[in-house]
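A.B. asks: Residue numbers (the UniProt record's numbering), protein chains in the order written: chain P, 1 to 345; chain F, 1 to 345.
Even glycine gets a Cβ: it sits at the ideal position worked out from N, Cα and C.
Quantities reported herein were computed from a predicted structural model and do not represent experimental measurements.
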């Protein structure tokens, strides 16, 4: 707090890509980017939902190549910095090279919260290019604040200017956020950021808790447009920050207008809804990857166990991406447990 | 906390009446009430959005008379207690008499936060009938915790079993809620409740803050169905309470199913949306009555001042219902201020 200005990093054009099934029109993206820029947003992220090079069969083809989206937005920004997200394993340093030439000024390298080391080379490369570099620790609810600090230190040592606590599953309560942000502030010298999801309807409250615990950067998107239940809605977040006396460079009315006059009509036109429904709430409650959902639903049908019980058990066991085969095991165990319970009765 | 069970008071069938423009079908209401009852909800409120006898031209005619709705729901509840809301001035003691005979067990008497005294006779009457009686202090963000305590004491002295902090405009931050609930717990012997609105996307977070500050009862509605931006969504609230170790009698999965399989399809069928749009966000930001909105929009057009500036100034001056004529004065003052500013430039 202490009068410092919080840096707002918009993700309407990246996390929002998920909600749009990666089918943004170029002109819609440009209109939104212009409005965000004019409203004083500091950093605007443009990438496939799964980051650079996500435009592929396993992550969903986007309507246009990422270079077209990025070039179009780069051409209209007057004050905001353009940023891209990269997940090592999906995108490569070569992909970074291409987009840096297009005008990207901030690079965010995202890894699972226990795998910061795979971001080292990308962070070092981007720092070498003189960019503002951010480490992005996803599913950060899955490990303790102390363990998370160790991972953040790897990113800071590699040169990150900021490390984010990312609540990918929207599974954190305000206290969970506060604990992690405070641990970062106590142990890191770089800036600290927070990225919310709204699965438990806590996106704005968690972002507020993050700032009150010392966070320097906050992610948000117009109308909350983002994967699943969406992100913290930017126009609401700034209203709350204004009321709480938290300073940003954002113009509240301009953001409200951009949400109401540009993004919501576009969502209606495209048939896109961002709601906390049974699926997104179940994922937030269980604290698991959204990629588990379809597998859990299939296993539910096959073994007669509630999808939510499967997801919750996967969350309890802290299963990570790549362990999808465990979903069947869990469903079988739960089905057997259910059988035993019925027999005992 | 300390292991006590929080009492959940559902308002899907009362505050939700606003969202439904008071056009609930009897069978929809019965289906929702049954699902809430089976999910373990403690108290279920059925009334016109503006309370008993709200079925009139100035508050909006409902599709069926209130006695039909109340009788229908009373006939299906197995465990939950049925409650009604009454605003003195709209409803009368005679209205209470009628519905108590229909099976109502809890009565909630709602007044503006500075007018608790007009609830005394209704509270005394209901206590005399042996009911569970609740005082409901609306727009509670408008006065300080100390002033609010004084009003709550009037209701407690009249016999209220519980007094609510009601965030009618959805204008409170978590700290505002905590301050008021703590002040109540420190100064009252009766139970304390909290009723949220979601205009700032803080409905769930504020309810969590209320419980963590000692609240005994919490209001919520399925899918957040309620006036403006809606209430705290019940199914999400219980997920958060479960995660936070807060006990209730509610079954999370049954509430998730009721929201997803009954209420959301009904909303789609009826074309009802509950969103934080520019209007509801403006009201929450300004902290004013929703009835000011239309007047402020008209004044905005007439005097060329932003609706939001008018609302915000009305909030700053703590205007209350009945002072709608002040809206023109404020708009004129703002327009003149704007004119002066332009002349100076």
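Using a Cβ-Cβ cutoff of less than 7 Å, which residues in the same chain neighbour residue 159 of chain F once the five nearest sequence positions on both sides are dropped?
C.D. replies: Numbered from its first residue, the second chain carries residue 159 of chain F at position 159. Taken in chain order, the residues that qualify are 123, 124, 127 and 133.
A.B. asks: Could you tell me the alpha carbon to alpha carbon distance between residue 8 of chain P and residue 85 of chain P, rounded to whole angstroms?
C.D. replies: Taking the first chain and counting its residues from 1, the one referred to as residue 8 of chain P is at position 8. Taking the first chain and counting its residues from 1, the one referred to as residue 85 of chain P is at position 85. Distance between the alpha carbons of residue 8 of chain P and residue 85 of chain P is about 15 Å.
A.B. asks: Within 10 angstroms of its Cβ, does residue 55 of chain F collect 16 or more other Cβ (buried), or is it exposed?
C.D. replies: Within the second chain, numbered from 1, the residue matching residue 55 of chain F stands at position 55. Per the 10 Å Cβ criterion, buried.
A.B. asks: In terms of residue numbering, what span does the beta strand (DSSP E) encompassing residue 81 of chain P cover?
C.D. replies: Against the first chain, residue 81 of chain P aligns to sequence position 81. From DSSP, the beta strand (DSSP E) with residue 81 of chain P extends over 81-86.
A.B. asks: Does any residue of chain F have a CB that is nearer than 8 Å to the CB of residue 347 of chain P?
C.D. replies: A question about residue 347 of chain P goes unanswered here, because the residues of chain P that appear run from 1 up to 345.
A.B. asks: Can you tell which of P:136, P:140 and P:235 has the C-alpha that lies nearest to the C-alpha of residue 156 of chain P?
C.D. replies: The residue labelled residue 156 of chain P in the question sits at position 156 within the first chain. Among P:136, P:140 and P:235, the Cα nearest to that of residue 156 of chain P belongs to P:136.
A.B. asks: If we require 3 or more residues per run, which beta strand (DSSP E) segments fall completely within the region 221-304 of chain F?
C.D. replies: As far as the region 221-304 of chain F is concerned, it has no whole beta strand (DSSP E) run of at least 3 residues.
A.B. asks: Output needed for residue 317 of chain F: all residues of its chain with C-beta closer than 8 Å, excluding positions within five of it in sequence on either side, in chain order.
C.D. replies: Along the second chain, read from residue 1 onward, the residue named residue 317 of chain F stands at position 317. These residues qualify, in order along the chain: 326 and 330.
A.B. asks: Listed in chain order, which residues of the region 257-276 of chain F have Cβ atoms closer than 9 Å to some Cβ of chain P?
C.D. replies: The residues in question are 257, 259, 260, 261, 264, 275 and 276.
A.B. asks: Count the other C-beta atoms from every protein chain shown that fall within 10 angstroms of the C-beta of residue 235 of chain P, then say buried if there are 16 or more, exposed otherwise.
C.D. replies: Taking the first chain and counting its residues from 1, one reaches residue 235 of chain P at position 235. By the neighbour-count rule (16 or more Cβ atoms within 10 Å), residue 235 of chain P is buried.
A.B. asks: Select from F:12, F:227 and F:211 the residue whose C-alpha is nearest the C-alpha of residue 192 of chain F.
C.D. replies: Taking the second chain and counting its residues from 1, one reaches residue 192 of chain F at position 192. The residue with the shortest Cα to Cα distance from residue 192 of chain F is F:211.
A.B. asks: Between the Cα of residue 333 of chain F and those of F:259, F:311 and F:321, spot the shortest distance and give me the residue it belongs to.
C.D. replies: Indexing the second chain from 1 puts residue 333 of chain F at position 333. Selected option, being the one with the closest Cα: F:311.
A.B. asks: Does any residue of chain P have a CB that is nearer than 8 Å to the CB of residue 244 of chain F?
C.D. replies: Locating residue 244 of chain F in the second chain gives position 244, counting from the first residue. Taking Cβ atoms only, chain P reaches closer than 8 Å to residue 244 of chain F, which makes this a yes.
A.B. asks: Within 10 angstroms of the Cβ of residue 17 of chain F, are there 16 or more other Cβ atoms? Answer buried if so, exposed if not.
C.D. replies: Taking the second chain and counting its residues from 1, the one referred to as residue 17 of chain F is at position 17. Flag for residue 17 of chain F reads buried.
A.B. asks: Mapping the DSSP letters down to three states, classify residue 314 of chain P as helix, strand or coil.
C.D. replies: Mapped onto the first chain, residue 314 of chain P falls at position 314. Looking at residue 314 of chain P - three-state DSSP - the assignment turns out to be helix.
A.B. asks: Beta carbon of residue 186 of chain F: closer than 7 Å to some heavy atom of the ligand GDP?
C.D. replies: Summarising the ligand content, the structure contains no ligands, and the ligand GDP is consequently not present.
A.B. asks: Assign residue 151 of chain P to buried or exposed, taking buried as 16 or more other Cβ atoms, counted over all protein chains shown, within 10 Å of its Cβ.
C.D. replies: For this step, residue 151 of chain P is matched to residue 151 along the first chain. Per the 10 Å Cβ criterion, buried.
A.B. asks: Does the count of Cβ pairs from the region 278-293 of chain P and the region 194-205 of chain P closer than 8 Å reach three?
C.D. replies: In short, these stretches touch, since the Cβ pair count reaches three.
A.B. asks: Anyone know if the C-beta pair for residue 146 of chain P and residue 11 of chain P falls short of 8 Å?
C.D. replies: Working through the first chain from its first residue, we reach residue 146 of chain P at position 146. Working through the first chain from its first residue, we reach residue 11 of chain P at position 11. Taking 8 Å as the Cβ cut-off, residue 146 of chain P and residue 11 of chain P do not qualify as a contacting pair.
A.B. asks: Mapping the DSSP letters down to three states, classify residue 36 of chain F as helix, strand or coil.
C.D. replies: Here residue 36 of chain F is taken as the residue at index 36 of the second chain, counted from 1. Correct three-state label for residue 36 of chain F: helix.
A.B. asks: For residue 270 of chain P, which residues from the same chain have a beta carbon less than 8 Å from its beta carbon, with the 5 sequence-adjacent residues on both sides left out?
C.D. replies: Position 270 of the first chain, counted from the start, is the residue given in the question as residue 270 of chain P. Excluding positions up to five away in sequence, the list reads 20 and 23.
A.B. asks: Classify residue 279 of chain P: buried if its beta carbon has 16 or more other beta carbons within 10 angstroms, exposed otherwise.
C.D. replies: For the purposes of this step, residue 279 of chain P is taken as residue 279 along the first chain, with counting starting at 1. Label assigned to residue 279 of chain P: buried.
A.B. asks: Between the C-alpha atoms of residue 275 of chain P and residue 228 of chain P, what's the straight-line distance to the nearest angstrom?
C.D. replies: Here residue 275 of chain P is taken as the residue at index 275 of the first chain, counted from 1. Here residue 228 of chain P is taken as the residue at index 228 of the first chain, counted from 1. If I take the Cα positions, the gap works out to 8 Å.
A.B. asks: So residue 10 of chain F is in the alpha helix (DSSP H); what residue range does that whole segment cover?
C.D. replies: Working through the second chain from its first residue, we reach residue 10 of chain F at position 10. Element bounds for residue 10 of chain F: not the alpha helix (DSSP H) but the beta strand (DSSP E), 7-10.
A.B. asks: Quick check on residue 75 of chain F: buried or exposed, where buried means 16 or more other Cβ atoms within 10 Å of its Cβ?
C.D. replies: Counting from one through the second chain, the residue named residue 75 of chain F turns up at place 75. With fewer than 16 other Cβ atoms within 10 Å, it is exposed.
A.B. asks: List the residues of chain F whose Cβ lies closer than 7 Å to the Cβ of residue 210 of chain P, in chain order.
C.D. replies: Walking along the first chain from the start, residue 210 of chain P turns up at place 210. Chain F residues near residue 210 of chain P: none, gap ~13 Å exceeds 7 Å.
A.B. asks: At the 8 Å Cβ level, is residue 235 of chain P part of the contact set with chain F, yes or no?
C.D. replies: By one-based count along the first chain, residue 235 of chain P stands at place 235. Interface residue, yes.
A.B. asks: Comparing C-alpha positions only, which one of F:291, F:45 and F:209 sits nearest to residue 237 of chain F?
C.D. replies: Start at 1 with the first residue of the second chain, and residue 237 of chain F comes out as number 237. With distances taken between Cα atoms, residue 237 of chain F lies closest to F:209.
A.B. asks: Under DSSP, the alpha helix (DSSP H) around residue 112 of chain F begins and ends at which residues?
C.D. replies: Residue mapping note: residue 112 of chain F aligns to position 112 of the second chain, counting from 1. Careful: residue 112 of chain F lies outside any alpha helix (DSSP H), inside the beta strand (DSSP E) at 106-112.
A.B. asks: Residues of chain P with a CB under 9 Å from the CB of residue 302 of chain F: which are they?
C.D. replies: Working through the second chain from its first residue, we reach residue 302 of chain F at position 302. Within 9 Å Cβ-Cβ: nothing; residue 302 of chain F doesn't reach chain P, min ~19 Å.
A.B. asks: Just by C-beta distance, which residues in the region 293-317 of chain P are closer than 8 Å to chain F?
C.D. replies: Those would be 306 and 308, in chain order.
A.B. asks: Against chain P, does residue 165 of chain F count as a neighbour if the rule is that its beta carbon must be under 8 Å from one of theirs?
C.D. replies: Residue 165 of chain F sits at position 165 when you count from the first residue of the second chain. Judged by the 8 Å Cβ criterion, residue 165 of chain F is not in contact with chain P.
A.B. asks: Are the region 62-74 of chain P and the region 296-306 of chain P touching, with three or more C-beta to C-beta distances below 8 Å?
C.D. replies: Because the criterion of three Cβ pairs below 8 Å is not met, the region 62-74 of chain P and the region 296-306 of chain P do not touch.
A.B. asks: Expressed to the nearest angstrom, what Euclidean distance is found between the alpha-carbon atoms of residue 52 of chain F and residue 181 of chain P?
C.D. replies: Locating residue 52 of chain F in the second chain gives position 52, counting from the first residue. Locating residue 181 of chain P in the first chain gives position 181, counting from the first residue. When rounded, the distance between both Cα atoms is 48 Å.
A.B. asks: For residue 72 of chain P, which residues of its own chain have a beta-carbon under 7 Å away from its beta-carbon, when the five flanking residues on both sides are left out?
C.D. replies: Counting from 1 along the first chain, the entry for residue 72 of chain P is found at position 72. Excluding sequence neighbours, residue 72 of chain P sits near 26, 29 and 30.
A.B. asks: Hey, how far is the Cα of residue 189 of chain F from the Cα of residue 215 of chain F?
C.D. replies: Reading the second chain from its first residue, position 189 is the one you call residue 189 of chain F. Reading the second chain from its first residue, position 215 is the one you call residue 215 of chain F. Cα-Cα distance, rounded: 12 Å.
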